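Okay, so here's the structure we're looking at.
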Amino acid sequence: MNKKIWMLGVVVLVLLIFSPFWGTIRLNWQTIFANDSNSFIFWHLRVPRVLLGFVAGSILALSGLICQNLFKNNLATPDILGISSGAAAGAVISIKFKMHFSFFGMGSIYIFSYLGALLAVLFVFFIARMIKNSSLYTLLMSGVAISLFFSSIIVFFQYIFDFSDTFSLVRWLMGGISVAGYKEVMILSVLLLLFLLAIFLFRREFLLISAGDDFAQSKGLNISNFRILSFLGLAIFVGAVVSTCGPIGFVALIVPHLSRLWGSSQYGKTVLLSVFLGGGLLVLADLLARILIAPVDIPVGIVTSLLGAPFFLFLLFAQLRKTN
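Numbering (numbering that gives the first Met the number 0), first residue to last: 0 to 323.
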């Protein structure tokens, strides 16, 4: 395995081990094995929080990598395409109407998040079919429009919420991994493994489509159907993360770009780097959220946005320079 991947893996492992000790309350090795409140904070609050950050960050990074591969555009992410906002809108509706049920072990918030993400995907392809233009540009612009539409739905429900509910909703919409347990970690871990399995099973298809639509079609790939299936799959994974952590922006944008840069655009290396970088970035962002203005716990989505917004502008200007 590439030396960069090993080094990054070690750095992320060190971050995972030491991150739970930092926060509003500083912990040490002696206290975490005692049967007291510090031990509870470490094992039942900090550890699942850090693990969830790694798994959620990895899924978001991989979803961004797939989006950018399908669109051959470094700015394409589930956020831009409306998948994240659709999932968030579904979760908000579930929270607003206090729906509490489960289906095959899946809670109502996850089900509605998935349905919202799925609806966003279907809307994008419906618009493309309606105007009889399924070009990458049309799909991308349709995604932007759908993202704004679902964002408006979120603002509408935010406006009609009670004051106390509005505060908790706004806090959730900022993104966070503070309220989670081992159950959520296990669910997202299984989804991450399934995501990686799908990415490597369809390695040939992703490589073909990254080489260009004409080349992929010449090799017998049905591009339209493959894109639809890919986005339906993305709805599952992104919906799961949003339902658990709220919408967390920019991880899906930053990480794939760095992974391709460090992985020399080699498929396997880029995927593994995305897993480590995505998970490590979100764990680091959450650590900063806990210690920057302690004892206040900043929503991690604010930190990722502060890191990601300048990076987005850098990528945008870089693409503009290439086209001019």
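We put the beta carbon where it would ideally sit given N, CA and C, even for glycine. Note that the coordinates shown come from a computational prediction; the quantities given were computed from them, not determined experimentally.
Item                                                                                                                                          : Value
Is DSSP giving M98 helix, strand or coil here?                                                                                                : coil
Quick check on DSSP: helix, strand or coil for G22?                                                                                           : coil
Per the DSSP calculation, G106 is bridged to which residue(s)?                                                                                : S101
Please report the distance separating the alpha-carbon of S304 from that of L12.                                                              : 24 Å
So L312 and V302 are supposed to be a Cβ contact under 8 Å. How far apart are they, rounded?                                                  : About 17 Å; that fails the 8 Å criterion.
According to DSSP, is A210 helix, strand or coil?                                                                                             : coil
Between which two residues does the alpha helix (DSSP H) harbouring T76 extend?                                                               : Note, T76: premise wrong, no alpha helix (DSSP H); not H, not E.
Taking I82 as the reference, which of L283, S150, R203, K218 has the closest Cα?                                                              : S150
Tell me the rounded alpha-carbon separation between I159 and E204.                                                                            : 45 Å
Going by the CB atoms, is the gap between G307 and L14 shorter than 8 Å?                                                                      : no
For M105, tell me which candidate among F310, I297, I186, K97 has the shortest Cα-Cα distance.                                                : I186
On the criterion of 16 or more Cβ atoms from any shown chain inside 10 Å, does P294 qualify as buried, or is it exposed?                      : exposed
Leaving out five residues before and five after T137 in sequence, what residues of the same chain have Cβ atoms less than 6 Å from its Cβ?    : A127
Under 6 Å Cβ to Cβ from G85, same chain only, skipping five residues before and after it: list those, please.                                 : G115, A116, L118, A119, F149
Can you tell me whether R25 is buried or exposed? The criterion is at least 16 other CB atoms within 10 Å of its CB, across all chains shown. : exposed
Taking 7 Å as the limit between beta carbons, can you name the residues of its chain near N1, skipping five residues before and five after?   : K268
Please name the residue in R259, A239, K3 whose C-alpha comes closest to that of N68.                                                         : R259
So which of F155, S38, A60, L61 has the shortest CA-CA distance to K95?                                                                       : F155
Quick check on W171: buried or exposed, where buried means 16 or more other Cβ atoms within 10 Å of its Cβ?                                   : buried
Please confirm whether F330 and N27 have their CB atoms less than 8 Å apart.                                                                  : Residue 330 is absent from the model: the chain starts at 0 and stops at 323.
Is the region 31–46 in contact with the region 229–246, if contact means three or more CB pairs nearer than 8 Å?                              : no
From G180, F201, F166, V123, pick the residue whose C-alpha is nearest to that of I326; which is it?                                          : Because residue 326 is not part of the residues shown, which for the chain are 0 to 323, the question remains open.
Please check the pair L206 and Y266, which I expect to be a contact at CB under 8 Å, by giving their CB distance rounded to whole angstroms.  : 6 Å
The alpha helix (DSSP H) with M173 in it runs from where to where?                                                                            : Segment: none, M173 is in no alpha helix (DSSP H) and carries neither H nor E.
Between the Cα of G350 and the Cα atoms of A284, L314, I292, K97, which residue gives the shortest distance?                                  : The structure shown has nothing for residue 350, since the chain only spans 0 to 323.
Between which two residues does the alpha helix (DSSP H) containing K182 stretch?                                                             : 181–200
Could you give the distance in angstroms between the alpha-carbon of N224 and the alpha-carbon of F194?                                       : 19 Å
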